[in-house]
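S.K.: My questions all concern the structure below.
There are 2 protein chains.
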Amino acid sequence: MELPPIDANAADSRQRLIQAAAEMFMKEGYRASIERIASCAGVARQTVYNHFSSKDDLFSEVANIAAGTILISLDGEEEEVRERLLRFALALRRRVLGEEGLAMFRAIAAEAPRFPALGRAFFVKGPEQTLSRLAAFLAQAMEEGKLRRDDPRFAAELLISMLEGFERLRRLFGADPSPEVQEEEQAARIVDSFLRAYRPSLEGSAHG
Amino acid sequence: MELPPIDANAADSRQRLIQAAAEMFMKEGYRASIERIASCAGVARQTVYNHFSSKDDLFSEVANIAAGTILISLDGEEEEVRERLLRFALALRRRVLGEEGLAMFRAIAAEAPRFPALGRAFFVKGPEQTLSRLAAFLAQAMEEGKLRRDDPRFAAELLISMLEGFERLRRLFGADPSPEVQEEEQAARIVDSFLRAYRPSLEGSAHG
DNA sequence: TATAGACTGGACCGTACAGTCCACACCCAA
DNA sequence: TTGGGTGTGGACTGTACGGTCCAGTCTATA
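Chains Z and E are the protein sequences, given in the same order.
Using our numbering, the letters of the first sequence correspond one by one to residues 36 to 243.
Using our numbering, the letters of the second sequence correspond one by one to residues 36 to 243.
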């Protein structure tokens, strides 16, 4: 409509395009049309094909980029295990249960059967990476006797599952928004439950 | 094509239609066209509109019916808590992580933003119901001193999350199929981790 | 045998969309 | 000044789809 034909440095349009496409794909899924994406980026439809060979191509590109933004850090060497896990928990939930995270989840999960490579790439860049980092952290904590010795990857899966699990279902399907207020309390409860299961064994082997 | 114009009792076509629609919607999501659904049910397209007012209507109907099939029972009054949880765990995972369960999950999650009522209905009929039953069971076990006293709904959320959580991610995005063989072992490990966190408190209050 | 209801198959309409083509405008560097 | 690279807007093609209409057929029931 009223787009200024001014500068808009060459390569810039590609960026705006990706940005807009990400937004639209998250909002509408693969349904988002090239037309709308282009106009949302303030760009002619032809320009889209100038940068990407097809809609699939654009979608893959965007999804791949988006997948790389899910990493959660576990830094803070000084703190106690519980504090670090708590920070991790909060960051993970904010990222993964936020509107953007949910939208991306929906969009990619829906198309995974048609784009197997994309689905796998997303998983490897996102959840798998997060899992590995957490597992490494837990492994060290186990090494130091701060957690019960056990398979750290399995433990990491459990914690991540608890953090994302049911709340993701709830939001994915639009059930009651679940009061954002108690976000920290929720995370703390979960982390504490995890710690209870992985407390260093005080007793010998009370378990058959 | 080769459809037999024989009997096919009146109301039967509706059943076949729903059946076929479920299959197609799970396979292709909302993308599945009326045309294909009809032909897959061995029925004329007009017949679809004979029973449903629109594609949305058909989709909602199918999703609603499908949602009602997710309940997992916790019967077996005689067994120990661990055994019953284990049976529950296996049943839940089989149902929810099976091809059908995943497909339904994908289809409904993807359309939930456009069909808010449907999303909520699915959640209430499915996960929410399962959660309630499990919570009731856990509450009783707590009452009987077989589990540590705590909020049973929260505990149920944790267990369900652990059972579905990461494995669902893996399969949803098409990562390595995860050897079906160790299905029981996996379930057992998770249940045991849960029981460890909810073991009746042997010690007083070692936790601040 | 007559009548009503359900199903068929195919024509038809309007729309949305992916992707292509082209004539023109702009900007930058040679 | 000139020419190539990039973007523009709009026309165009082909396809898929949702939804409607209808003429005809079959079946069961009265």
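Glycine included, C-beta positions come from ideal geometry on N, C-alpha and C.
Please read these numbers as outputs of a predicted model, since none were measured by experiment.
Is the beta carbon of R51(Z) less than 7 Å from the beta carbon of I69(Z)?
M.R.: In this structure, I69(Z) does not lie closer than 7 Å to R51(Z) by Cβ.
S.K.: Excluding the 5 residues preceding and the 5 following A142(Z) in the sequence, name in chain order all residues of the same chain whose CB lies nearer than 8 Å to its CB.
M.R.: Taken in chain order, the residues that qualify are F60, M61, G64, Y65 and A98.
S.K.: Any chance you could list the alpha helix (DSSP H) runs of at least 4 consecutive residues sitting entirely within the region 61 to 120 of chain E, in chain order?
M.R.: Fully enclosed alpha helix (DSSP H) runs of 4 or longer: 69 to 75, 80 to 86 and 90 to 102.
S.K.: Of all Cβ atoms in chain Z, is any one closer than 7 Å to the Cβ of M61(E)?
M.R.: For M61(E), the answer is no, since every Cβ of chain Z falls outside 7 Å of its Cβ.
S.K.: Quick test of the definition: if touching needs 3 or more C-beta pairs under 8 Å, does the region 126 to 140 of chain E touch the region 195 to 213 of chain E?
M.R.: Yes, the region 126 to 140 of chain E touches the region 195 to 213 of chain E.
S.K.: Can you have a look at Q175(E) and say buried or exposed, based on whether 16 or more other CB atoms are within 10 angstroms of its CB?
M.R.: With fewer than 16 Cβ atoms within 10 Å of its Cβ, Q175(E) is classed as exposed.
S.K.: Quick one: is G103(Z) near chain E, going by C-beta distance under 7 Å?
M.R.: No, no contact with chain E.
S.K.: Pull up the CB-CB distance for L169(E) and L153(E), whole angstroms please, since I reckon it's below 8 Å.
M.R.: In fact, because the Cβ distance is near 24 Å, the residues do not count as touching under 8 Å.
S.K.: Taking the C-alpha atoms as reference points, what is the distance between I107(E) and A126(E)?
M.R.: C-alpha separation (whole angstroms): 7 Å.
S.K.: My understanding is that L207(Z) touches A144(E), with C-beta atoms under 8 Å, so please give their C-beta distance in whole angstroms.
M.R.: Yes, they are in contact, since the Cβ atoms of L207(Z) and A144(E) sit about 5 Å apart, within 8 Å.
S.K.: How is R155(Z) classed by DSSP in three states: helix, strand or coil?
M.R.: Three-state result, R155(Z): helix.
S.K.: For R141(Z), does the three-state DSSP call read helix, strand or coil?
M.R.: In the structure shown, R141(Z) sits in a helix (DSSP, three-state: H, G or I).
S.K.: Going along chain Z in order, which residues have a C-beta closer than 9 Å to the C-beta of R205(E)?
M.R.: Here the neighbours are F158, P162 and E163.
S.K.: Which of helix, strand or coil does DSSP assign to L125(Z)?
M.R.: Residue state, collapsed to three classes: helix.
S.K.: For G154(Z), which residues in chain E fall below 9 Å Cβ to Cβ?
M.R.: Residues of chain E passing the Cβ test: L207, F208, G209 and A210.
S.K.: Take Q221(E) as the anchor and find which of R188(Z), R231(Z) and S236(Z) has the nearest alpha-carbon.
M.R.: For the residues R188(Z), R231(Z) and S236(Z), the minimum Cα distance to Q221(E) belongs to R188(Z).
S.K.: Find the residues of chain E that neighbour F94(Z), judging by a C-beta separation of less than 7 Å, and give them in chain order.
M.R.: Those within 7 Å of F94(Z) in chain E number zero; the least Cβ separation is about 14 Å.
S.K.: Would you report the Cα separation of L173(Z) and R183(Z), rounded to the nearest angstrom?
M.R.: The alpha-carbon atoms of L173(Z) and R183(Z) are separated by roughly 10 Å.
S.K.: If you reduce the DSSP assignment to three classes, tell me which class K181(Z) lands in.
M.R.: K181(Z): coil per DSSP, three-state reduction.
S.K.: Among F140(Z), F229(Z), T104(Z) and P151(Z), which one has its Cα closest to the Cα of Q164(Z)?
M.R.: When only C-alpha atoms are compared, the closest one is T104(Z).
S.K.: Are A232(Z) and R231(E) touching if we call contact CB-CB under 7 Å?
M.R.: Going by C-beta atoms, A232(Z) is nearer than 7 Å to R231(E).
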